[in-house]
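*Asks:* FYI, in my numbering the residues of the sequence shown are 11 to 218.
Beta carbons are placed, not taken as given, at the ideal position from N, Cα and C, and that holds for glycine.
Since the structure is predicted, the reported quantities are computational estimates derived from the model, not experimental observations.
Structure in structure tokens, see below.
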Amino acid sequence: MRASPFSILVLGLLAFAIFGMGCLQPASVDRCTGSADRTGCLTFYATWYQEPETCYYINDMPARLSCLNSSTDTAASQQLQNNYAAYGALPSSNPRRPAAATPAPAPSNSAPTPTPAYVSPNSPEVRAQAAIDQCVAASPKATASADVCAKQLAVDQRNLTFCALIGSPDLRSSCILTTATNVKDASACNVFNTSADKQFCVYYSRGG
């Protein structure tokens, strides 16, 4: 349920009185230190944790007001968490989509909820994942697998980011071989998480 503008203002002023005077800084502000998209990062965590006090560390007033709105809207927080869960994994740990849509086991009641890693919606991984999803949806009766779409996009666009999102080891290796040979840029191999994938990519980017 969306809060009224008056209640948002009251909550914001109360939060600022507690946190904004420099006595206690929200943990979300520390998480966003050094972020290239600090405003987006602060808004992400403020909305996720329903933490309006974080919004007062945003200097741009329209962006701050937008942050205050979403940080007091439980529906916005739930939607953000649902969208994030659909991504497949925490981007900071493993951005690859699983090869098969195997549901994760329900977390234990005693298990702590992991702190999500903010990923800018403009990051290469997020844009690549969106393109893969569009490819799957556009295939006849949505029958194309995400991995097949990722390889095709990688080859067509000469973009190794798509290869890094492939869950199948065999298909990922095939994607790396073909794309790295065409790209011929070893620095582009930094998109891979494992040293094996990265070394394989560097080898073929230098002519194999």
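Counting C-beta neighbours from all protein chains within 10 Å, is the total for ASN169 16 or more, i.e. buried, or is it exposed?
*Replies:* It counts as buried.
*Asks:* At the level of alpha carbons, what is the spacing between CYS155 and GLN91?
*Replies:* One point to set straight first is that residue 155 is Ser, not Cys, in the sequence displayed. One C-alpha to the other measures close to 24 Å.
*Asks:* Starting from the C-beta of ASP157, find all residues in its chain whose C-beta is less than 7 Å away, skip the five residues before and the five after it, and write them out in chain order.
*Replies:* The residues are ALA109, ILE176, GLY177, SER178, LEU181.
*Asks:* Which of the three DSSP states is assigned to ASP157 in this structure?
*Replies:* Three-state result, ASP157: helix.
*Asks:* Given a cut-off of 9 Å, decide if CYS159 and CYS145 are closer than it, judged by their beta-carbon atoms.
*Replies:* Taking 9 Å as the Cβ cut-off, CYS145 and CYS159 qualify as a contacting pair.
*Asks:* Pick helix, strand or coil for CYS145, following the three-state DSSP scheme.
*Replies:* Here CYS145 sits in helix by DSSP.
*Asks:* Cα separation between SER184 and VAL201?
*Replies:* So the alpha carbons of these two residues sit roughly 16 Å apart.
*Asks:* Between SER149 and GLN139, what straight-line distance do the alpha-carbon atoms span, to the nearest angstrom?
*Replies:* So the alpha carbons of these two residues sit roughly 16 Å apart.
*Asks:* Take the Cβ of ARG74 as the centre, count every other Cβ of all protein chains shown within 10 Å, and call the residue buried at 16 or more, exposed below.
*Replies:* Buried, because 16 or more other Cβ atoms sit within 10 Å of the Cβ of ARG74.
*Asks:* Going by DSSP in three states, SER133 sits in which element: helix, strand or coil?
*Replies:* Reduced to three states, the DSSP call for SER133 is coil.
*Asks:* Any idea if THR189 is buried or exposed, counting beta-carbon neighbours within 10 angstroms, 16 or more meaning buried?
*Replies:* Buried is the call here.
*Asks:* Exposed or buried, ASP70, counting other C-beta atoms within 10 Å across all chains shown (16 or more means buried)?
*Replies:* ASP70 should be labelled exposed.
*Asks:* Where does the unbroken alpha helix (DSSP H) through ALA196 begin, and where does it stop?
*Replies:* Here ALA196 belongs to no alpha helix (DSSP H), and DSSP marks it neither H nor E.
*Asks:* Is GLN88 helix, strand or coil when you go by DSSP?
*Replies:* In this structure, GLN88 counts as helix in the three-state DSSP scheme.
*Asks:* Can you tell which of CYS77, SER76, GLN60, CYS65 has the C-alpha that lies nearest to the C-alpha of GLN88?
*Replies:* Ranking CYS77, SER76, GLN60, CYS65 by Cα distance to GLN88 puts GLN60 first.
*Asks:* Here's the rule: buried if 16 or more other CB atoms are within 10 angstroms of the residue's CB, otherwise exposed. What is ALA220?
*Replies:* In this structure the chain extends from 11 to 218, so residue 220 is not present and cannot be described.
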